[in-house]
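Numbering (my numbering), first residue to last: 19 to 286.
Just so it is clear, CB atoms sit at the ideal spot from N, CA and C, and this is done for glycine as well.
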Ligand SMILES: Nc1ncnc2c1ncn2[C@@H]1O[C@H](COP(=O)(O)OP(=O)(O)O)[C@@H](O)[C@H]1O
Ligand SMILES: [Mg+2]
């Protein structure tokens, strides 16, 4: 009997380690150790762990966004492509098109001087040079509509400071998904928002993940969200992934002491 091979994971991190080389002294500061993870196409993977455990560094390494003095060892494969071997020019093509980011601070991906319309249209244009101006604008309006902006035309004309924090984050999400990435990486996307905006943004992300079908790497403290959204979860502690598996399994039977502490009385 032939065995049907498993679907290929979309992203594989294998023994990823991140070390900072101190400028001047050359001292080595290892921060992330031997992280191995994978995400299947269309899967939601939550990355959870205390502050300083290496979550952000791990996510930045995927897109080649670490500072210059960070040394990265191990392997990162995206759709089988070894990302660590790409130069910055090739990486830029992957980023924004196939792998997109949302950060805690919405302004991290918005230019304060440019209108939202300019920024979204520019991002669409760069990755779709064959589209006309009209098509680009229509695409942008369509995407803003999907983010439930009631008056997309007005948002296109706005500069980021004219929007509330929640609206800025929604505009950031519009930028992130406008080229239909295969992988969306969100690093605590709602931590800077008030509770009402947090709910709106999370519901939107969940809906978009279902309709767009992108794989979603979500760094969050919110265990309710993990339970609601993530098929698998990775627990980070002191620079290492101490557990990685199906959300249900980890929540119902945490193996590592730190995971037990983190979950406390939280039940599935
Ligand atoms: N540019 C940097 N230079 C030196 N150390 C850094 C740098 N960025 C982050 N770190 C350190 O790496 C560790 C992990 O950081 P980070 O990935 O941001 O944690 P998390 O996102 O889990 O809160 C922290 O101790 C942090 O201080
Ligand atoms: Mg972080």
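Going down the chain, each residue whose beta-carbon is closer than 5 angstroms to a heavy atom of ligand 1 shows up: 38, 49, 69, 70, 71, 72, 73, 74, 75, 85. Exposed is the label assigned to residue 182, since fewer than 16 other Cβ atoms lie within 10 Å of its Cβ. Put simply, of 247, 260, 156 the residue whose alpha carbon is nearest the alpha carbon of residue 64 is 247. Between residue 162 and residue 192, the beta carbon gap of about 6 angstroms places them in contact (Cβ cut-off 8 angstroms). For residue 47, the CB contacts under 6 angstroms within the same chain, skipping 5 residues up- and downstream, are 38 in chain order. A check of alpha carbon separations from residue 218 across 44, 184, 90, 265 identifies 184 as the nearest. Among the bridge pairs identified by DSSP, residue 255 is matched with 258. The residue from 189, 221, 158 with its alpha-carbon nearest to that of residue 130 is 189.
Counting along the chain, no beta strand (DSSP E) covers residue 282, and no H or E run does either.
Of 263, 103, 245, 235, the smallest CA-CA separation from residue 28 is found for 235.
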